[in-house]
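What follows is one structure encoded as structure tokens, with my remarks underneath.
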Amino acid sequence: MSEKLNEQLEKVNKHKFQQDLIGWFENEMRDLPWRKDQDPYRIWVSEIMLQQTRVDTVIPFYNRFMGQFPTVEALANAPEEQVLKAWEGLGYYSRARNLHTAVKEVHECYGGKVPKTPEEIASLRGVGPYTAGAILSIAYDIPEPAVDGNVMRVFSRILSIWDDVAKPSSRKVFEEAVRRLIDENNPSYFNQALMELGALICTPTSPSCLLCPVNEHCLAFAEGVQSELPVKTRKKSTKVIDLLTVMVQNQEGQWLVTQRPSEGLLANLWQFPSVERQGHESVSRELEEFLLTDIGVTAEVYDEPWMKQDHVFSHLTWKMSVYYTDKLSVFDDAPILPERVAWKTADEIEGLALPISYRKIWRQHLIDNEKNDEIGEK
Ligand code: SF4
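Quick note: to get our numbering, add 558 to the position in the sequence shown (first position is 1).
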């Protein structure tokens, strides 16, 4: 630990800090479904869902997921398709896949009990240092730090730490700082209180310092520099992909769908046929070529897109343009479709695990269809 950080830590009255922080949490904690008990499986699922996703968004997904997979055994025995379907709408599907793999391992190798040593728990797929610390401290009362972006922000202010939180090496600094201040008698509440403080009071852009239960311990507040912390270098700009999507319906009213590769982004999820824009010719020609050469389907694609939308991932943005084909000119002239390509009815599409961007396209299609039917009836 650097001398500077040591000096900063010595300025904090550890016992009083813990009392103020935990006392506030006991009075103000939000009533969240994963706080009903200390079941490590439930806490694990909630922590995975909460990565990159807001609490309000997670709650209904969590309740539904727990209804379907209430135990390690239930999730371990579920087929992946069903797990991905239950995760649909939360995004970042690799989280669901990793959770599923790790839960199977817990079921097979640990008799269904989530392990409680840092080494064992950190060896599970998708369980990084933050999640390991959260499960160990919240479920098992083991004084391990659980440092994520929220906690780094709060601690950078309380201890006036100017290390760049965007650098992976900075995490160690914050973990060490939390280890020094954590309440060994109540690490569960200590870590949850830090997370709660970051979510409700010590927020990214305008921390409510006057309402803050630990403002008398906060070095950044004392120095008036809280809005300059944490130090965070900008991320590199994200890649932008022009993605063309085409909605093809056959004479039986089924829709053409393709399954994404088993590795990489949104692996194994279903989508409407899509291809990156090459830009050599008109979009409709490009899509017609793609349908013919990649899927073996002949269709006439409309010149104008029916819908446009952007979908932003952490590292790239899809600029999506969605086209219809002329239903009457679609011929299913390739009776055997390639692997991972299928015709599906509207009902079957409802049951497929689609990425959120394609689910939005499908919903919009249904809305437009309903409007057209209403106009037709008038
Ligand atoms: S006093 Fe302000 S900056 Fe310090 S921890 Fe509280 S809210 Fe954050």
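In this text, a Cβ means the ideal position worked out from N, Cα and C, and glycines have one as well.
Predicted model, so just to flag it, every value in this text is computed and none were measured.
If we count the other Cβ atoms within 10 Å of its Cβ and call it buried at 16 or more, is Thr689 buried or exposed? On the sequence shown, residue 689 is found 131 positions in, with the first residue counted as 1. Counting other Cβ atoms within 10 Å of its Cβ, Thr689 reaches 16 or more and is therefore classed as buried.
Where the beta carbon is closer than 7 Å to any heavy atom of the ligand SF4, which residues qualify, in chain order? The set, ordered by position in the chain, is Val712, Arg715, Ile716, Leu755, Ile759, Cys760, Pro765, Ser766, Cys767, Cys770, Val772, Asn773, Cys776, Ala778, Phe779 and Gln784.
Considering only the beta carbon of each residue, do Cys776 and Ile716 sit closer than 7 Å? Translated into positions along the sequence shown, residue 776 becomes position 218. Translated into positions along the sequence shown, residue 716 becomes position 158. Against a cut-off of 7 Å, the Cβ pair of Ile716 and Cys776 comes out as a contact.
Identify whether Lys674 lies in helix, strand or coil by the three-state DSSP scheme. Here residue 674 corresponds to residue number 116 of the sequence shown, with the count starting at 1. In the displayed model, Lys674 falls within coil according to three-state DSSP, outside both helix and strand.
Sufficient close CB pairs (3 or more, under 8 Å) joining the segment 623-631 to the segment 662-681: The segment 662-681 and the segment 623-631 touch, with three or more beta-carbon pairs separated by less than 8 Å.
Between Leu895 and Ile853, what straight-line distance do the alpha-carbon atoms span, to the nearest angstrom? If you number the sequence shown from 1, residue 895 lands on position 337. If you number the sequence shown from 1, residue 853 lands on position 295. Annotation: Leu895 to Ile853 spans about 7 Å, alpha carbon to alpha carbon.
Rounding to the nearest angstrom, what Cα-Cα distance links Gly782 and Ser560 in this structure? Stepping through the sequence shown from its first residue, residue 782 is reached at position 224. Stepping through the sequence shown from its first residue, residue 560 is reached at position 2. Rounded to whole angstroms, the gap between the alpha carbons of Gly782 and Ser560 is 23 Å.
Near Val841, what residues of its chain come up, given a Cβ to Cβ distance below 8 Å and the 5 sequence neighbours on each side ignored? Residue 841 sits at position 283 when you count from the first residue of the sequence shown. Taken in chain order, the residues that qualify are Leu802, Arg835, Val859, Asp861, Pro863, Ser879 and Tyr881.
For Asp699, name the three-state secondary structure that DSSP assigns. Within the sequence shown, residue 699 is the residue found at index 141, counting from 1. The answer is coil: DSSP assigns Asp699 none of H, G, I, E or B.
Cβ neighbours of Ala848 in the same chain (closer than 6 Å, five flanking residues each side left out): Start at 1 with the first residue of the sequence shown, and residue 848 comes out as number 290. Sequence check: residue 848 is Phe here, not Ala. Cβ within range, chain order: Val833.
So, helix, strand or coil for His665, using DSSP? One-based indexing of the sequence shown puts residue 665 at position 107. DSSP, reduced to helix, strand and coil, places His665 within a helical segment of the structure shown.
Grab me the residues of Lys797's own chain with a C-beta within less than 8 Å of its C-beta, minus the 5 sequence neighbours each way, in chain order. Locating residue 797 in the sequence shown gives position 239, counting from the first residue. These residues qualify, in order along the chain: His873, Leu874 and Thr875.
Can you pull the DSSP bridge partners for Leu814? Translated into positions along the sequence shown, residue 814 becomes position 256. Answer by DSSP bridge pairing, in chain order: Trp901.
Once DSSP output is grouped into helix, strand and coil, what is the label at Thr629? Numbered from its first residue, the sequence shown carries residue 629 at position 71. Three-state result, Thr629: coil.
How long is the line joining the alpha carbons of Gln577 and Met753, rounded to whole angstroms? The residue labelled residue 577 in the question sits at position 19 within the sequence shown. The residue labelled residue 753 in the question sits at position 195 within the sequence shown. Inter-residue distance for Gln577 and Met753 is about 16 Å (C-alpha atoms, whole angstroms).
Output needed for Gln596: all residues of its chain with C-beta closer than 6 Å, excluding positions within five of it in sequence on either side, in chain order. What you label residue 596 is simply residue 38 of the sequence shown in a count that begins at 1. Taking C-beta separations shorter than 6 Å and ignoring five residues to either side along the sequence, the partners of Gln596 in its chain run Ala697, following chain order.
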